[in-house]
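Going letter by letter, the sequence shown gives residues 1 to 133 in full-length UniProt numbering. For reference, the structure discussed in these notes is given below.
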Amino acid sequence: MVEALLKVDSSANSSPGVDVETIDAVNIENETMIERNFTQQEIDYCRKAANPQASFTGKWSAKEAVFKSLKVASKGAGAPLKDIEIVNDENGAPTVVLHGAAKAAADEKGVKNTTVSISHSDAQVIAVAISSF
Numbered sequence: 001m002v003e004a005l006l007k008v009d010s011s012a013n014s015s016p017g018v019d020v021e022t023i024d025a026v027n028i029e030n031e032t033m034i035e036r037n038f039t040q041q042e043i044d045y046c047r048k049a050a051n052p053q054a055s056f057t058g059k060w061s062a063k064e065a066v067f068k069s070l071k072v073a074s075k076g077a078g079a080p081l082k083d084i085e086i087v088n089d090e091n092g093a094p095t096v097v098l099h100g101a102a103k104a105a106a107d108e109k110g111v112k113n114t115t116v117s118i119s120h121s122d123a124q125v126i127a128v129a130i131s132s133f
């Protein structure tokens with residue numbers, strides 16, 4: 001399935017990013033980790049969700065997929081992902097909003113738009129992001 005997703009138009013004009021996580025990959029009891037990596041809007045959304053664990057992990061996976069699609073240099077495994085915000089539009093669809101260093105890096109690379117899709121089962125989460133240049 002992931003191989004099929006990566007067959008999208010990965011030309012000079014677009015770049016895919018994919019991330020797969022186990023549903024329990026995000027420790028939602030660790031407030032420091034949550035506050036370091038999620039905006040207040042994301043935290044509020046996830047905590048109100050029917051399954052907060054799946055919501056937090058879905059947004060985390062989406063952030064990772066977006067990061068990969070941006071093709072920017074990594075600041076290491078401990079770098080916070082708060083500058084990549086995953087909000088939901090009026091229909092509930094996930095939407096990417098970049099802030100701070102993530103926005104600056106995307107602007108420098110010429111990223112015009114980044115879209116993301118998130119899906120999960122009881123055991124895993126997958127997110128696919130496409131950045132357009």
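Positions of the beta carbon are idealized from the N, C-alpha and C atoms, including for glycine. All of these numbers come straight from a predicted model, not from anything done at the bench.
- Could you tell me the boundaries of the alpha helix (DSSP H) in which L70 lies? P52 to L70 is the extent of the alpha helix (DSSP H) around L70.
- Message: What does the Cβ neighbour count give for N27, buried or exposed, with the cut at 16 atoms within 10 Å?
- Response: By the neighbour-count rule (16 or more Cβ atoms within 10 Å), N27 is not buried but exposed.
- Message: Beta-carbon within less than 7 Å of A65's beta-carbon, same chain only, minus the 5 sequence neighbours each way: which residues are those?
- Response: Sequence-distant Cβ neighbours of A65 in its own chain, meaning closer than 7 Å and more than five residues away, are G17, V18, D19, V116, A127, V128 and A129.
- For A129: DSSP bridge partner residues: A129 is bridged to G17 and V116.
- Message: Mapping the DSSP letters down to three states, classify T22 as helix, strand or coil.
- Response: It is a strand residue.
- Query: In terms of residue numbering, what span does the alpha helix (DSSP H) encompassing T39 cover?
  - Reply: Run containing T39: none; DSSP gives neither H nor E here.
- Query: Thinking C-alpha only, which one of V87, T57, E42 and F67 is nearest T22?
  - Reply: It is T57 whose Cα lies nearest to the Cα of T22.
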